[in-house]
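> Numbering of the sequence shown is given in our numbering, commencing with residue 126 and proceeding in unit increments.
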Amino acid sequence: MKNENYVWCNMEINQQEIIDKLKEKEALLPCHRCGNKKFTVIDGYSNFSVKKNIDLSSSIVIGGPNVPIILIVCDKCGAITPHAMGALNLLPKGEQKNG
Numbered sequence: 126m127k128n129e130n131y132v133w134c135n136m137e138i139n140q141q142e143i144i145d146k147l148k149e150k151e152a153l154l155p156c157h158r159c160g161n162k163k164f165t166v167i168d169g170y171s172n173f174s175v176k177k178n179i180d181l182s183s184s185i186v187i188g189g190p191n192v193p194i195i196l197i198v199c200d201k202c203g204a205i206t207p208h209a210m211g212a213l214n215l216l217p218k219g220e221q222k223n224g
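#1: Scan the segment 129-211 and note each continuous alpha helix (DSSP H) run of 4 residues or more that stays entirely inside, going in chain order.
#2: So Pro190 and Met210 are supposed to be a Cβ contact under 8 Å. How far apart are they, rounded?
#3: Using 8 Å for Cβ pairs, my map puts Ala71 next to Arg158. What's the rounded Cβ distance?
#4: I want to see whether chain B comes within less than 9 Å of Ser174, judged by CB atoms only; does it?
#5: Could you give the C-beta distance for Ile138 and Leu196, rounded to a whole number, given that I count them as a contact under 8 Å?
#6: Check whether the Cβ atoms of Lys148 and Lys201 lie closer than 9 Å to each other.
#7: For Pro217, count neighbouring Cβ atoms within 10 angstroms of its own Cβ and tell me buried if that reaches 16, exposed if not.
#8: Do you know offhand how far Lys176's Cα is from Ile185's?
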């Protein structure tokens, strides 16, 4: 795991801060697939798009509501676990939304 800084919405967050937030929230269980206890924070950020209805004709959403996430990958089996940045208090002020 590289300890690098990444800029998101003019906000700098480093990987150690992500690890510290996960520990603070007691997200300490081993991998849900293989039981391994070693993980890596994937470099960068991602998001889940949020849709109001199921439209199977279009699976790509550009713009619109989304949930910013950080991704953790198991070092053994590669299972990827998303964590909502808002739940970890990693969003810039004004970006936090409840519900």
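By construction, the Cβ of each residue, glycine as well, lies at the ideal position given by its N, Cα and C atoms.
Judging by the given coordinates:
#1: 140-149
#2: The Cβ separation is near 14 Å, so there is no contact.
#3: The chain is shown only over 126 to 224; residue 71 falls outside these bounds and no answer can be derived.
#4: Of the chains in the structure shown, none is chain B; there is only one protein chain.
#5: Not confirmed; about 13 Å, so no contact.
#6: no
#7: exposed
#8: 11 Å
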